[in-house]
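Engineer: Counting with our numbering, you get residues 1 to 257 for the letters of the sequence shown.
Structure incoming, see below.
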Amino acid sequence: MRRSYSKPSPLEKANKKGFDWELRPGGMLVQKRSGHCGVQNIAQTMKVAVSFGSYLHEVTVPAQATFGELKRILAKPSGLEPCEQRVLFKGKERENNEFLYIVGVKDASKLVLVEDPASRERKMEKIRRDGMTKACDAVAQVRAEVDKLAEKVLILESSMRGDRRTPEKEITVLTELLMVQLLKLDSIEADGEAKAQRRIEVRRVQSHVERLDMLKAINASPFNKSDRCMNRFDMVTKWEGFGSGLGSRNTSRPRTP
Numbered sequence: 001m002r003r004s005y006s007k008p009s010p011l012e013k014a015n016k017k018g019f020d021w022e023l024r025p026g027g028m029l030v031q032k033r034s035g036h037c038g039v040q041n042i043a044q045t046m047k048v049a050v051s052f053g054s055y056l057h058e059v060t061v062p063a064q065a066t067f068g069e070l071k072r073i074l075a076k077p078s079g080l081e082p083c084e085q086r087v088l089f090k091g092k093e094r095e096n097n098e099f100l101y102i103v104g105v106k107d108a109s110k111l112v113l114v115e116d117p118a119s120r121e122r123k124m125e126k127i128r129r130d131g132m133t134k135a136c137d138a139v140a141q142v143r144a145e146v147d148k149l150a151e152k153v154l155i156l157e158s159s160m161r162g163d164r165r166t167p168e169k170e171i172t173v174l175t176e177l178l179m180v181q182l183l184k185l186d187s188i189e190a191d192g193e194a195k196a197q198r199r200i201e202v203r204r205v206q207s208h209v210e211r212l213d214m215l216k217a218i219n220a221s222p223f224n225k226s227d228r229c230m231n232r233f234d235m236v237t238k239w240e241g242f243g244s245g246l247g248s249r250n251t252s253r254p255r256t257p
């Protein structure tokens with residue numbers, strides 16, 4: 001008599017080998033997960049320590065992450081974009097497409113993060129440019145104020161060519177206002193072109209202050225109308241008018257080291 005038997009299913013064959021298997025929807029045969037000690041639980045994430053300068057960042061990453069994914073995670077705590085980062089493990093820089101576990105990174109491993117030198121240089125250059133722009137703007141603001149005060153100095157000079165004396169308070173107030181602008185210039189940190197512009201304005205202010213000191217002395221002299229004092233006054237006016245004046249006259253002056 002011919003015996004009939006049914007062909008064992010793949011699940012039955014697999015279970016005969018001593019493992020528990022289960023059939024997933026779609027016909028995929030996978031090993032059944034269990035909490036027993038005979039089955040290993042694979043870690044899904046790991047925590048690594050990343051040293052960045054004087055800081056130590058502890059981050060959690062997927063166990064099968066790449067270094068590129070690690071850089072994206074480090075972007076927020078480090079303040080560096082992924083393209084600005086260089087990650088070293090065991091003294092060697094790692095590429096973005098390398099997997100952490102393949103090169104030996106495990107839970108509690110230590111890595112080193114450094115900023116890309118080219119990126120750091122670009123940032124420093126931007127800081128220098130921004131600083132120079134800020135300094136130039138600050139000098140320009142002072143220049144505008146000095147231009148206004150310079151006009152008042154010229155008006156004061158013209159009035160002293162007449163018969164009337166100028167109240168000493170007017171000269172004193174103008175001098176004090178110019179000294180305020182000088183203090184502003186001294187407080188501006190500048191390099192390069194901004195430093196040259198600041199130096200020009202400092203000399204302008206000093207020139208106007210010296211002119212006012214001379215006018216003050218002439219105004220207080222009992223011999224204010226004598227030829228000697230007026231010749232002295234004309235000499236000061238011509239000399240200072242040649243060496244200083246409004247801002248538009250100084251923009252073309254040659255620079256001095």
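Heads up, the beta-carbon is just placed ideally off N, CA and C, and yes, glycines get one too.
Predicted model, so just to flag it, every value in this text is computed and none were measured.
Straight-line CA distance for E189 to Q181?
Structural biologist: About 15 Å.
Engineer: How many angstroms separate the CA atom of V205 from the CA atom of A220?
Structural biologist: So the alpha carbons of these two residues sit roughly 23 Å apart.
Engineer: Consult DSSP for C229 and reduce its assignment to one of helix, strand or coil.
Structural biologist: At C229 the pLDDT is 47, less than 50, meaning the model places this residue with poor confidence; the figure from the coordinates comes in the next sentence. It is helical.
Engineer: Skipping 5 residues on each side, what residues in its chain have a beta carbon closer than 7 Å to that of Y101?
Structural biologist: Excluding sequence neighbours, Y101 sits near A63, Q64.
Engineer: Going by beta-carbon coordinates alone, are E157 and L215 separated by less than 8 Å?
Structural biologist: In contact: E157 and L215 (Cβ atoms closer than 8 Å).
Engineer: Along the beta strand (DSSP E) that carries L56, what are the first and last residues, could you check?
Structural biologist: Per DSSP, L56 belongs to the beta strand (DSSP E) from 55 to 62.
Engineer: Could you tell me the distance, in whole angstroms, from the CA atom of K195 to the CA atom of E210?
Structural biologist: Rounded to the nearest angstrom, the two C-alpha atoms are 23 Å apart.
Engineer: Does the stretch 110 to 130 come into contact with the stretch 44 to 58, if we say contact requires no fewer than three beta-carbon pairs (one atom in each stretch) closer than 8 Å?
Structural biologist: Counting Cβ pairs under 8 Å, three or more are found: they touch.
Engineer: For R120, I'd like the list of residues in its chain whose CB is within less than 7 Å of its CB, leaving aside the five on either flank, ordered along the chain.
Structural biologist: Excluding positions up to five away in sequence, the list is empty.
Engineer: Hey, could you find the ends of the beta strand (DSSP E) F89 is sitting in?
Structural biologist: Taken as a continuous stretch (DSSP letters only), the beta strand (DSSP E) holding F89 covers 85 to 89.
Engineer: Out of Q85, D186, K106, point me to the one whose CA is closest to Q44's CA.
Structural biologist: Comparing Cα positions, the closest option is K106.
Engineer: Name, in chain order, the residues that DSSP records as bridge partners for A49.
Structural biologist: Its beta-bridge partners are E58, K110.
Engineer: Going straight from the alpha carbon of M179 to that of Q197, what length do you get?
Structural biologist: Looking at the two C-alpha atoms, the distance is approximately 18 Å.
Engineer: In the DSSP assignment, find the alpha helix (DSSP H) that holds L215 and state where it starts and stops.
Structural biologist: First-last of the alpha helix (DSSP H) with L215: 193 to 220.
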